[in-house]
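Peer 1: Numbering (this note's numbering), first residue to last: 153 to 247.
Yeah, the Cβ is synthetic: ideal placement off N, Cα and C, and Gly gets one too.
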């Protein structure tokens with residue numbers, strides 16, 4: 153079982169290099185921006201709950217949902233690209 157943890161740490165260290173590429177950083181910051189936008193909109197909804205009309209409330213909730221979907225898609229793309237690059241390099245024998 154100790155071998156599993158040693159290998160996991162080694163793989164995570166190798167994957168970290170793929171997350172730190174230019175594209176990986178852009179995707180990561182895009183994820184951060186989407187999450188920040190969601191939190192801001194949810195804060196506006198919570199703070200101005202009584203003053204918002206139903207139409208404005210539904211629009212804000214809709215945009216929060218769209219940003220949540222974009223966040224999940226960006227996260228999946230980031231993880232996929234890092235793992236794909238890792239496995240491509242590993243299968244070529246460069247690792």
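#1: Relative to the ligand HEM, is the shortest distance from any of its heavy atoms to the C-beta of residue 215 smaller than 7 Å?
#2: Which parts of the segment 167 to 202 are runs of the alpha helix (DSSP H), unbroken and 4 residues or longer, counting only runs that do not cross its ends?
#3: Assuming residue 234 and residue 181 are in contact, meaning their beta carbons sit under 8 Å apart, how far apart are those beta carbons, in whole angstroms?
#4: Does the distance from the C-beta atom of residue 219 to that of residue 190 stay below 8 Å?
#5: Just reading off the alpha helix (DSSP H) that residue 214 is part of, what are its end residues?
#6: Verify whether the separation of the beta carbon atoms of residue 228 and residue 183 is less than 8 Å.
#7: Since residue 224 and residue 213 are thought to touch, with beta carbons under 8 Å apart, how far apart are those beta carbons, to the nearest angstrom?
#8: Taking 8 Å as the cut-off, decide whether the C-beta atoms of residue 167 and residue 226 are in contact.
#9: With 16 other CB atoms within 10 Å as the buried threshold, where does residue 195 fall?
#10: Please determine, among 244, 205, 222, the residue with the shortest C-alpha to C-alpha distance to residue 186.
Peer 2: With the given structure in hand:
#1: Summarising the ligand content, the structure contains no ligands, and the ligand HEM is consequently not present.
#2: Listed in chain order, the complete alpha helix (DSSP H) runs (minimum 4 residues) inside the segment 167 to 202 are 174 to 199.
#3: Contact annotation, residue 234 with residue 181: C-beta distance approximately 15 Å; criterion of less than 8 Å not satisfied.
#4: In this structure, residue 190 lies closer than 8 Å to residue 219 by Cβ.
#5: Residues 206 to 243.
#6: For the pair residue 228 and residue 183, the CB atoms are not nearer than the 8 Å cut-off.
#7: Between residue 213 and residue 224 the Cβ distance is about 17 Å, and since that is not below 8 Å, they are no contact.
#8: Not a contact, by the Cβ cut-off of 8 Å.
#9: Exposed, because fewer than 16 other Cβ atoms sit within 10 Å of the Cβ of residue 195.
#10: The residue with the shortest Cα to Cα distance from residue 186 is 222.
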